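Please read the structure below before turning to the comments.
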Amino acid sequence: MWGIIYGEGTEVSELMKLFIDADAYDYQRFPCTSSRKNQFKNSEEGERRMCKELQEYLEEGKREAVEKNIRDTARETARELFKNNIAYQIIKKCASALTDEELREIEKEVKG
């Protein structure tokens, strides 16, 4: 599709090569992109910055995974407690990661 719109060998496809191919640079056509890529890839400052960005990205991913795990566990706990007719206030304390709205939805699922 892109070949039809832009034609073969267009700037878009050439620019994509810079992102995909680790050793591709085209300073004449894409001086800013090529320069930044070279800076990140071949300088100590660029390497430090990329490592820092990657570390932050991984830490955020870990946080999101932990939060998802906590919420999934809270949902399953609430389901089991509703199945066993435990009082709502106790369930709310046991599944504190969930909102009242979420707890009411789970209660409806379980109790019909």
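Numbered as in my numbering, the sequence shown ends at 97 without a single skipped number.
Every residue gets a Cβ at the ideal spot worked out from N, C-alpha and C, and that includes glycine.
Please read these numbers as outputs of a predicted model, since none were measured by experiment.
- Taking each of Arg56, Lys93 and Gly97 in turn and checking the Cα distance to Cys79, the smallest one comes out for Arg56.
- When the Cα atoms are used, Lys22 and Arg33 turn out to be separated by approximately 14 angstroms.
- DSSP places Tyr42 in the uninterrupted alpha helix (DSSP H) bounded by Glu29 to Lys68.
- For Tyr73, the three-state secondary structure derived from DSSP is helix.
- Counting every other CB atom within 10 Å of its CB across the protein chains shown gives Ala72 a total below 16, marking it as exposed.
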